[in-house]
Amino acid sequence: MALSVPKIAPFSPIYRLKTLIVSIIIFTTFIFVSCAERGSGGDELYREILRDETVARIKELGKISDAEGYLERTFLSPASMRAAELIQSWMQDAGLKTWVDQMGNVHGRFEAANSTAEALLIGSHLDTVIDAGMYDGSMGVVCAISALKVFKLNGMQGKLQRPVEVIAFSDEEGVRFQTTFLGSSAVAGILSGSALQISDKSGITLQEVLRENSLEATEESLVDAKYEPESIWGYIEVHIEQGPVLESVGYPLGIVKGIAGQTRLKVTVKGSQGHAGTVPMFMRQDPMVASAELIVLLESLCKHPESFLAYDDQCGGFTRESLAGLVCTVGEISCWPSASNLFLLLY
Ligand SMILES: *[C@@H]1O[C@H](CO)[C@@H](O)[C@H](O)[C@H]1NC(C)=O
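In structure tokens:
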């Protein structure tokens with residue numbers, strides 16, 4: 001099987017800071033080099049911090065949950081706040097200067113000799129989906145802190161050409177407010193002020209949740225969370241693979257070249273009501289059948305996009321190459337009124 005890393009999905013409306021993701025391999029290489037300079041002391045640091053402490057911390061974060069028996073940390077929930085506090089203490093332990101921004105993102109800055117040079121950002125999210133795996137998000141935050149801690153201990157900090165900032169984003173999954181990337185979009189400066197008025201299932205607004213946690217966010221103050229692009233050199237994130245590809249080909253690591261953007265559509269198929277027994281086949285308009293055909297067509301479109309390209313090899317402005325990683329799925333159908341002998345079906 002050929003390893004194909006998904007390309008940026010063509011229908012991507014989401015532009016965010018997280019578009020550039022590179023693997024931890026860069027850090028381990030740096031650290032190996034610096035450890036090698038120091039001989040056996042370096043090996044010890046490598047084992048103690050990059051392996052043992054990192055794994056222990058990921059496991060510790062994995063136990064901080066709002067739910068009994070499984071991992072769940074939604075935006076600014078009590079468990080999220082405990083996780084944020086713990087992460088902040090680990091950042092301080094690694095020599096980072098820490099603060100929490102208006103959207104609850106936890107930041108830690110590792111100074112370099114030139115403090116005005118553009119910073120390298122490294123981060124991931126501290127919230128989780130419901131019944132999450134313990135590596136999702138946590139790994140990126142903990143690995144970044146561990147890498148910097150080694151730089152502090154082996155005296156390499158002074159040799160860094162630019163400051164490094166670790167950010168633990170407060171919301172990536174969007175479980176609580178059904179709106180993804182609240183944390184990183186505030187940092188990217190693309191979170192609109194109106195988002196503060198979105199409410200969760202219990203009716204409490206984002207702004208109120210922030211206030212309950214002593215975070216005063218207003219439309220004006222949101223701007224303060226933004227990083228000016230000129231102050232940033234790059235962004236990298238270590239993340240567990242969320243698909244099965246690397247494992248299936250036996251690769252321990254991969255470098256991501258793009259990230260999937262997503263478009264969610266709710267489609268209504270209308271038919272016409274008729275008696276199941278008396279409407280002849282040629283006069284029927286059964287939407288369930290039309291829906292099934294649409295689903296099969298969609299599947300086929302994503303499996304063989306080349307067969308759907310127009311004569312000029314373009315598809316609505318997307319080239320053959322850009323369609324290579326296209327994926328799709330239909331996850332939910334409901335029909336109404338769901339009668340076996342009368343049909344008027346919608347989904
Ligand atoms: C520090 O970084 C700034 C911004 O990149 C640059 O203009 C300046 O020359 C650097 N200073 C030194 C001493 O390298």
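FYI, the numbering for the sequence shown is 1 to 347, going by UniProt numbering. All C-beta atoms, glycine included, are put in the ideal place defined by N, C-alpha and C.
When DSSP states are grouped into helix, strand and coil, Y46 belongs to the helix group.
The beta carbon of I49 sits closer than 7 angstroms to those of S146, K149, V150, all from its chain and outside the five residues before and after it, given in chain order. Judged by their CB atoms, L96 and R162 are not nearer to each other than the 9 angstroms cut-off. Beta-bridge partners of H107 (DSSP): W99, I167. Counting only the Cα atoms, G155 lies some 12 angstroms from A112. The shortest CA-to-CA distance from T319 to any of Q285, A188, E306 is the one to E306. With a cut-off of 8 angstroms, the C-beta of A117 is classified as near ligand 1, since at least one heavy atom of the ligand falls inside that distance. Around the beta carbon of S138, a 10 Å sphere encloses 16 or more other beta carbons of the protein chains shown; the residue is thus reported as buried. L206 sits close to F177, with the two beta carbons spaced by under 9 angstroms. In this structure, G140 and H239 form a Cβ contact; the two beta carbons are roughly 5 angstroms apart against a cut-off of 8 angstroms. Approximately 18 angstroms separates the beta-carbon atoms of T116 and H107; this is outside 8 angstroms, ruling out the contact. Looking only at G158, G331, G174, Q242, the smallest Cα-Cα distance to L253 is reached by Q242.
Where I255 is concerned, there is no enclosing beta strand (DSSP E), because DSSP gives it neither an H nor an E.
Ranked by Cα distance from V187, the options K303, S124, G133 are led by S124. In the displayed model, L191 falls within coil according to three-state DSSP, outside both helix and strand. DSSP places L265 outside any beta strand (DSSP E), giving it a letter other than H or E. Judged by their CB atoms, T74 and E208 are not nearer to each other than the 9 angstroms cut-off. The residue from L45, R51, A67, L76 with its alpha-carbon nearest to that of S214 is L76. The C-beta separation of Y135 from I236 comes to about 17 angstroms, leaving the pair out of contact by the 8 angstroms criterion.
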